[in-house]
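Each remark here refers to the structure printed beneath this line.
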Amino acid sequence: MWDFGVTTVSVFLVVILAVLWLSTRRAPGLPPGPPLLPFVGNALSMGTDPRVLFKNLRQKYGDIFSLYVFHKPLIVLNGYSVLKEAIVKNADVFSDRPHSFLSDFILKGKGIVGTSGDLWHEQRRFALNTLREFGAGRTIMEDKIHEEIAHFVLALDEQKGQGFDIQRLVQNAVSNIMCSIVFGKRFEYTDSVFIKFLKAMDDTFQSSTTSGLLNVFPLVRFLPGDPFRFRNTMANVDIVNNLLIHPFIKNHLNDHDDENRDDFIHVYLKEMRHRQQKQETTTLDLENLTQTVSDLFAAGSETTSTTIRWALVFFLNYPDVQEKCFQEILENVGQSRRPSMKDKTNLPYVGATVLEVLRFADIAPTAVPHAVAQDVQFRGYTFPKGVTVMLNLDSVLQDKDVWGDPQNFRPNRFLDGEGKIQKREEFIPFSLGRRICLGESMARMELFLFLTTMIQKFRFVPVNGKRPSMDGIMGFTHSPNEFKVKAIPRN
């Protein structure tokens, strides 16, 4: 039998109570927030939809508050003025990414999403310039989008007005655009390699919420049965890399043509060799190319396809909006030719509808987390170096003081008195500052061309008169529930 003295037991109890007390205390200077439970902090109250929690906490604690996910603090910023002051006016401090087990383990400090410093700056600047060039005077991007839309329209037409789940078809088309831009090749929708690639990407996105606990407790990855899907995630990363990215990079290396600037890998390899020949210090290398390509797919496929699916949800719930878009297209484009980006200025209501879809769908309500590069004082609070900073974009896109009736789907809010598109500073579905979404310009082009052509060619109606739910599901993105739609060809 163990024989503990009264003093030993007392000391033990004091230590336990002290640990419990300390685990419920915020670090000095942090913004206010809800009370902390011992060891778990606020983890048990996070829920599946952060928008609900953040809205309630903002009402109680103001535009800046803090939470603890177990032992790790995070700070949430709300409202346009706060977000702009932090990540635009103080971009040098607020543009880092937080370190996490998954990003560090998978990315290994590579790519353009999870990194900071010189590596991130060079990779992002190169990617932005290349995509901008593709979308500007050379019209490479628009041509590739049009090519894929033609296949998409044929696939829609094959449905012959029958009700079907459009989710996979939209994702096939948008992912194929990325394949064409990045690899210089599109796939048939029935291609086995393409199907396996998309399944691995889907599975990774769907696992993101479950695997997030690994960032707090990395050791749980060793639990039997893979309950937090770590091994599953790593297997999917290997599939994406080994099935598509590595083979295409290898093919481009073996058959590289400096005159071919029609896909991202060719342009990257040409610039990489150019800088190496000049003996310049550069982060452009094959390992970073692999991760950058993966980042482009993550940024450019899931989000755009989700937005198109939301647009269909809104068209089914607001048939008058769909019909008004069609009448504008009919008057300014007709039905005998395909719409182009040159038509955009003549289709202000269609443009306003695209903007309202992006605002209302709110597919990335908290964006990708930021971090501060150093200890900083901001609006009276202390942000310790490396702390995770969440940008609550939802607090801006759904702000009643900005939009009046944000709960209503109303494209006219983006039109001025003359019926022209009016820019709204608070329209930030792609975030803002230096970390603004890399694929914004491409996404805007895809959405305009896809939705304009879809409405030009088809009338979308609910199956059996049942309109899809306007409530979404929170995961990697805020996506609509599954729904079926009839695509009726217009005469």
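Residue 81 in the numbering used here sits at position 81 of the sequence shown, with consecutive numbering throughout. For each residue, glycine too, the CB sits at the ideal point set by N, CA and C. Keep in mind that this is a model prediction, so the values were computed, not measured.
Give the range of the beta strand (DSSP E) segment to which residue i is assigned.
i: Arg459; result: Phe458 to Pro462
i: Tyr381; result: Tyr381 to Phe383
i: Val372; result: Val372 -> no beta strand (DSSP E), and no H or E assigned at all.
i: Lys486; result: Lys484 to Pro489
i: Phe505; result: Within the shown structure, residues of the chain are numbered from 1 to 491, placing residue 505 beyond reach of any answer.
i: Phe65; result: Ile64 to Val69
i: Ser45; result: Premise fails: Ser45 is in no beta strand (DSSP E) and is neither H nor E.
i: Ile473; result: Gly472 to Met474
i: Lys72; result: Lys72 to Leu77
Within a Cβ cutoff of 7 Å, which residues of the same chain sit near residue i, ignoring the five residues on either side of it in sequence?
i: Asp165; result: Glu482 and Lys484
i: Lys457; result: Val153, Pro489 and Arg490
i: Arg132; result: Ser441
i: Val357; result: Thr307, Trp310, Ala311 and Phe314
i: Arg459; result: Ile488 and Arg490
i: Ile140; result: Phe134 and Asp262
i: Lys144; result: Ile177, Ser180 and Ile181
Which residues in the same chain have their Cβ closer than 8 Å to the Cβ of residue i, if we skip the five residues on either side of it in sequence?
i: Val161; result: The displayed chain sequence assigns Gly, not Val, to residue 161. Lys486, Ala487, Ile488 and Pro489.
i: Val461; result: Leu316, Pro319, Val485, Lys486 and Ile488
i: Arg434; result: Ile87, Ala91 and Ser95
i: Ile265; result: Val182, Phe183, Gly184, Phe248, Ile249, His252, Leu289 and Val293
i: Asp416; result: Gln422
i: Asp118; result: Thr283
i: Leu169; result: Phe152, Ala155, Leu156 and Tyr189
i: Val193; result: Phe187, Leu243 and Leu244
i: Met341; result: Glu142, Met445, Phe448 and Leu449
Given residue i, which residues of its chain have a CB within under 6 Å of its CB, disregarding the five upstream and five downstream residues?
i: Ser301; result: Val174, Ser175 and Met178
i: Leu128; result: none
i: Phe197; result: Leu243 and Leu244
i: Gly467; result: In the sequence as presented, Gly is not what sits at residue 467; that position holds Arg. Around Arg467: Leu316 and Asn317.
i: Ser23; result: Residue placement at Ser23 cannot be trusted, given a pLDDT of 49 that sits under 50; the coordinates are not used to answer.
i: Gln322; result: Phe315
Straight-line CA distance for residue i to residue j?
i: Asp92; j: Ala373; result: 8 Å
i: Gln276; j: Lys270; result: 10 Å
i: Val495; j: Glu418; result: Outside the shown range of the chain, which is 1 to 491, sits residue 495, and nothing can be said about it.
i: Pro73; j: Leu37; result: 13 Å
i: Ile195; j: Arg58; result: 43 Å
i: Pro339; j: Gln327; result: 14 Å
i: Glu148; j: Asp362; result: 26 Å
i: Thr281; j: Val402; result: 46 Å
i: Gly475; j: Gln279; result: 44 Å
i: Val200; j: Val82; result: What sits at residue 200 in the sequence shown is Ala, not Val. Approximately 38 Å, taken between the alpha carbons.
i: Val387; j: Pro50; result: 18 Å
i: Phe430; j: Thr303; result: 10 Å
i: Tyr80; j: Ala367; result: 14 Å
i: Gln206; j: Val350; result: 32 Å
i: Asp285; j: Ser469; result: 46 Å
i: Thr477; j: Ala27; result: 31 Å
i: Arg97; j: Phe414; result: 33 Å
i: Tyr61; j: Ser45; result: 16 Å
i: Trp21; j: Asp399; result: Residue placement at Trp21 is flagged as unreliable, the pLDDT there being 44, under the threshold of 50; the coordinate-derived value follows with that caveat. Distance between the alpha carbons of Trp21 and Asp399: 37 Å.
i: Asn42; j: Arg25; result: 12 Å
i: Glu224; j: Met234; result: Here the sequence assigns Pro to residue 224, which means Glu is not the residue at that position. Cα-Cα distance, rounded: 16 Å.
i: Leu447; j: Leu432; result: 19 Å
i: Leu67; j: Leu53; result: 11 Å
i: Phe427; j: Val354; result: 12 Å
i: Tyr268; j: Pro369; result: 27 Å
i: Phe409; j: Arg359; result: 9 Å
i: Pro32; j: Gly380; result: 11 Å
i: Lys344; j: Glu425; result: 20 Å
i: Asn464; j: Lys84; result: 46 Å
i: Met454; j: Gly163; result: 16 Å
i: His99; j: His246; result: 26 Å
i: Phe230; j: Val237; result: 11 Å
i: Ala443; j: Gly47; result: 30 Å
For the alpha helix (DSSP H) containing residue i, name the first residue and the last one.
i: Tyr61; result: Pro50 to Tyr61
i: Ala248; result: The residue asked about is misnamed: residue 248 is Phe in this sequence, not Ala. Residues His246 to Asn254.
i: Pro348; result: Pro348 to Ala361
i: His151; result: Ile140 to Asp157
i: Asp501; result: Examination of residue 501 is not possible in this model, given that the chain is present from 1 through 491 alone.
i: Leu83; result: Tyr80 to Lys84
i: Met390; result: No alpha helix (DSSP H) holds Met390; the beta strand (DSSP E) holding it covers Thr388 to Leu391.
i: Ser395; result: Asp394 to Leu397
i: Val402; result: Lys400 to Trp403
Which whole-angstrom value describes the C-beta separation of residue i and residue j, a residue pair presumed to lie in contact below a C-beta threshold of 8 Å?
i: Thr30; j: Thr382; result: In the sequence as displayed, the identity of residue 30 is Leu instead of Thr. Correct: roughly 7 Å between the Cβ atoms.
i: Ala352; j: Asn412; result: 7 Å
i: Thr452; j: Leu330; result: So it is not a contact: roughly 11 Å between Cβ atoms.
i: Met272; j: Leu77; result: Contact doesn't hold; Cβ gap of about 37 Å is too wide.
i: Asn232; j: Asp203; result: 7 Å
Along the chain, which unbroken stretches of the alpha helix (DSSP H) at least 4 residues long are found entirely within the stretch 259-304?
The stretch 259-304 contains, as complete alpha helix (DSSP H) runs of 4+ residues, the segments 264-277 and 286-300 (chain order).
Mind listing, in chain order, the continuous alpha helix (DSSP H) runs of no fewer than 4 residues lying wholly within the stretch 316-342?
319-332
Which ranges would you report for the beta strand (DSSP E) in the stretch 163-229 if only whole runs of at least 3 residues count?
Entirely contained in the stretch 163-229, the beta strand (DSSP E) runs reaching 3 residues are, in chain order, 163-165.
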